[in-house]
Amino acid sequence: MKLRQSSVALLAVAIVLATSSALVARNLMRPPEPQKIIVEKQPEPVAAPEFVLVAVNGLQPGDFVDGSTVQWAQMEAAGIRPGEIVGNSADSRRKHEQNLFGATVRQDIEAGKPIMDNLLLRPGSPGFIAAVLSPGMRAISIPISAVTSNAGLVSAGDWVDVILSVERSEAAMMSAESGGLAQANLAAQTILRRVRVLALNSDTTSLAPLSVVATNGQEVSTAAKGAQPQRRNVYETITLEATPDEAERLAVAREAGSLQVVLRSVKDVDTADAELAEGNKDQVTRLHDATSIFVSNKKSKTTAMVQTFHGAKVGAVNF
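Okay, here's the thing in structure tokens:
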């Protein structure tokens, strides 16, 4: 009986051990559960600020682009259209300013509106002169030389007077017709006062006012290259801004004699009207106003001297 109970106990223990072993083996053979990977949400990258060139108070044809008429405005990249002038860095903005300052626009641009590159007219480009002409004014070209243009010292943007002078060849022709002396017909007259120079040949680079651009903390003029000593060019034509009546007078005057431009001071603002009010409009300077040489010769009494001989004596008689 005891043997039988021992066998049952051993069998029970064996079953328990076998079951435990099976459970352990099952757990060991079961693949591990996949680990959950927790991904932290990264903050969205902040887009670099975009700066677009806009008009400050509005621009019209003839207004020059400079630091007082345009500014850089920050805008979202999604709102920027192709053709707008964008400067993402300080260096790129300064480069744009150096290239654009001095240009004008083809059409009106409202205040705060972006400036499109295709609306800009740079000096020397077709249509630039027509855009910078004042309303009601005309552009007329006249021939010049190194002498008549003050040896190349006149530049686009300067203010000049125009003098018509009758040269010797014209004076000789006039004297032959009138039977007078050629010198008596030499004369000069200021036919235009304080007119603006638009171009010399096709050079309009100095027509726009000088602008200053800050680069690396230093102010640099947009005309810095032109400020360096260089060889003066000799121009053949000069283009002036004139009223329709003045343009007609110039067209006739250039056929009558030689035209010379006289540089005026930048401080002469209202003096041209004052000069005309004083009655100088029709003033003509003739040869006797410039020198008295020919006048004295004209007024001097003509005398004739005849030598007389009486034997060894020689005398003279004036008539």
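Each number in this note's numbering comes from the position in the sequence shown (counting from 1) with 17 added on.
All C-beta atoms in this analysis are idealised placements derived from N, C-alpha and C, irrespective of residue type, glycine included.
Note to self: Only counting the same chain, and skipping five residues up and downstream in sequence, which positions put a Cβ closer than 7 Å to that of A147?
What the structure shows: If we look at A147 and ignore the five residues flanking it on each side, it has no Cβ neighbours.
Notebook entry, point to check: First and last residue of the beta strand (DSSP E) that includes Q124?
Noted result: Neither: Q124 is in no beta strand (DSSP E) and is coded neither H nor E.
Note to self: Taking the alpha carbon of F81 as the reference point, which residue from D299, L280, I157, I126 has its own alpha carbon closest?
What the structure shows: I126
Note to self: Let me make sure I understand the geometry here. Which of A107, P78, I97, A259 has the alpha-carbon closest to that of R123?
What the structure shows: P78
Next item on the list: Please say whether L215 and T256 have beta carbons closer to each other than 8 Å?
Entry: In this structure, L215 lies closer than 8 Å to T256 by Cβ.
Next item on the list: Keeping to the same chain, check which residues put their C-beta closer than 7 Å to that of K242; ignore five residues upstream and five downstream.
Entry: Residue placement at K242 is flagged as unreliable, the pLDDT there being 41, under the threshold of 50; a coordinate-derived value is accordingly withheld.
Item checked: Where A240 sits in the DSSP three-state scheme -> Confidence at A240 is low in this model, with a pLDDT of 46, below 50, so its placement is unreliable and the value that follows should be read with caution. A240 falls in the coil class under three-state DSSP.
Note to self: At the level of alpha carbons, what is the spacing between Q277 and W176?
What the structure shows: 13 Å
Notebook entry, point to check: Comparing alpha-carbon positions, which option in E50, P51, S109, I55 lies nearest V69?
Noted result: If we check each option's Cα against that of V69, S109 comes out closest.
Item checked: Continuous alpha helix (DSSP H) stretch holding P268: start and end -> For clarity, residue 268 is Ala in the given sequence; the question names Pro instead. Element bounds for A268: 261 to 273.
Notebook entry, point to check: From this set, P152, I157, G144, which residue's C-alpha is nearest L267's C-alpha?
Noted result: I157
Check: When we look at the beta-carbon of D306 and count the other beta-carbons within 10 Å, is it buried (16 or more) or exposed?
Finding: exposed
Check: Would the beta-carbon of T302 fall within 8 Å of that of A205?
Finding: yes
Notebook entry, point to check: When you compare only the Cα positions, how much space is there between R98 and A128?
Noted result: 17 Å
Check: Nearest-angstrom Cα distance between I32 and E50?
Finding: 30 Å
Note to self: For F145 and E57, what's the separation of their Cα atoms in angstroms?
What the structure shows: Looking at the two C-alpha atoms, the distance is approximately 59 Å.
Check: Quick one: is D134 buried, meaning 16 or more other Cβ sit within 10 Å of its Cβ, or exposed?
Finding: Exposed is the call here.
Item checked: Burial state of D299 (16 or more Cβ within 10 Å) -> D299 comes out exposed.
Checklist line | Under 8 Å between C-beta atoms of Q52 and E67 | finding: Contact: no.
Checklist line | Identified DSSP bridge partners for Q300 | finding: DSSP lists no partner for Q300.
Item checked: Alpha-carbon to alpha-carbon, E114 and V230 -> Per-residue confidence for V230 stands at a pLDDT of 47, beneath the threshold of 50, marking its modelled position as unreliable; no derived number is given.
Notebook entry, point to check: Where does R210 fall in DSSP's three states?
Noted result: strand
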